[in-house]
């Protein structure tokens with residue numbers, strides 16, 4: 001595993017995440033890992049007890065994790081949302097837009113490349129989970 005990239009001010013959750021099925025079957029877990037076949041909506045009744053949701057990206061081309069992140073953020077989840085697995089620097093800005101605020105890639109990412117990925121597009125065209133103001137609203141204000 002590479003270094004954890006985290007964009008939150010609270011304490012890092014240091015206990016392991018359990019599977020969605022295991023989480024739903026126990027009352028004391030506060031960290032869960034969503035796999036590509038899992039439905040993030042199963043977690044919606046339990047958002048208040050979650051401190052960490054890891055979303056696994058086993059292959060960079062599998063985009064189901066983006067939907068999981070968006071579903072959780074739109075439902076009000078404000079805990080740590082961590083993308084893990086085959087996370088590439090080219091995906092980081094899009095993952096942030098969907099609500100991810102931490103990344104644990106399989107391979108170490110160059111810090112300069114990471115910053116360049118986040119700085120590449122200062123303006124956005126649509127609202128998303130990251131609360132950036134779309135450029136069209138700036139033009140009409």
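In this note's numbering, the protein residues as written are 1 to 141. Ideal placement from N, C-alpha and C gives every residue a C-beta, glycine not left out. Quick caveat, the model's predicted, so the values are computed rather than measured.
Proximity below 8 Å, CB of residue i to CB of residue j
| i | j | result |
| --- | --- | --- |
| residue 70 | residue 129 | yes |
| residue 53 | residue 81 | yes |
| residue 2 | residue 108 | yes |
| residue 55 | residue 83 | yes |
| residue 119 | residue 8 | no |
| residue 85 | residue 45 | no |
| residue 40 | residue 88 | no |
| residue 43 | residue 20 | yes |
| residue 74 | residue 4 | no |
| residue 68 | residue 34 | yes |
Rounded separation between residue i and residue j - CA only
| i | j | result |
| --- | --- | --- |
| residue 12 | residue 140 | 40 Å |
| residue 76 | residue 32 | 16 Å |
| residue 90 | residue 117 | 7 Å |
| residue 50 | residue 14 | 13 Å |
| residue 26 | residue 133 | 39 Å |
| residue 61 | residue 124 | 23 Å |
| residue 95 | residue 136 | 22 Å |
Residue range of the unbroken beta strand (DSSP E) whose run includes residue i
| i | result |
| --- | --- |
| residue 54 | 52-57 |
| residue 33 | 31-34 |
Host alpha helix (DSSP H) of residue i (start-end)
| i | result |
| --- | --- |
| residue 84 | Residue 84 -> not in any alpha helix (DSSP H); beta strand (DSSP E) instead, spanning 80-85. |
| residue 104 | From DSSP, residue 104 is part of no alpha helix (DSSP H) but of the beta strand (DSSP E) over 102-105. |
| residue 110 | No alpha helix (DSSP H) contains residue 110, which DSSP labels as neither H nor E. |
| residue 74 | 64-74 |
| residue 77 | Taken as a continuous stretch (DSSP letters only), residue 77 belongs to no alpha helix (DSSP H), as it is neither H nor E. |
Reduced DSSP category for residue i - H, G, I as helix; E, B as strand; rest coil
| i | result |
| --- | --- |
| residue 19 | strand |
| residue 13 | coil |
| residue 43 | helix |
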